[in-house]
Amino acid sequence: MQIEFDAELWIWDARPDEAWTFVSLPVDASDVIRDLTAGDRRGFGAVRVEVRIGATTWRTSIFPDAKQGAYVLPIKKAVRKAQKLDVGDSARVAVELINL
Numbered sequence: 248m249q250i251e252f253d254a255e256l257w258i259w260d261a262r263p264d265e266a267w268t269f270v271s272l273p274v275d276a277s278d279v280i281r282d283l284t285a286g287d288r289r290g291f292g293a294v295r296v297e298v299r300i301g302a303t304t305w306r307t308s309i310f311p312d313a314k315q316g317a318y319v320l321p322i323k324k325a326v327r328k329a330q331k332l333d334v335g336d337s338a339r340v341a342v343e344l345i346n347l
């Protein structure tokens, strides 16, 4: 399964001093992912994905956020730098589930 969406980069409130930057997946897509990966999730409910933003592609995990009802995707500093993104910017994100 692959989804594409636009999302705003935000900093995790629990650790603002460490600048953990994320985007939130759409709630409806998160519901589908939850259904597709039932029983196949890793620690903390993580799901392995391949991600593309601009010309940058990498593998990571998405994590469920009960408060939002959606999965969240960490955007590492190297990606933000390569794509010239900062907190509050919007990015076009493609996420593909791995090993389904």
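All letters in the sequence shown, in the order written, are residues 248 to 347 by our numbering. All C-beta atoms, glycine included, are put in the ideal place defined by N, C-alpha and C. Bear in mind the structure is a predicted one, so any value in this text is a computation, not a measurement.
Hey, could you find the ends of the alpha helix (DSSP H) Ile-280 is sitting in? It spans 274–283 - the alpha helix (DSSP H) in which Ile-280 sits, taken as one unbroken run.
Ala-317 by DSSP, collapsed to three states: which one? Residue state, collapsed to three classes: strand.
Roughly how many whole angstroms lie between the Cα atoms of Glu-343 and Val-296? Looking at the two C-alpha atoms, the distance is approximately 5 Å.
Would you check if there are 3 or more beta carbon pairs closer than 8 Å linking the segment 253–263 to the segment 302–313? With the cut-off at 8 Å, the segment 253–263 and the segment 302–313 do not touch.
When burial is assigned at 16 or more other CB atoms within 10 Å of the CB, is Leu-272 buried or exposed? Counting Cβ neighbours within 10 Å, Leu-272 comes out buried, since at least 16 surround it.
Distance, Cα to Cα, Val-274 vs Gln-249? Taking the straight line joining both Cα atoms gives about 15 Å.
Look up Ala-329 in the DSSP assignment and say whether it is helix, strand or coil. DSSP places Ala-329 in helix when its eight states are reduced to three.
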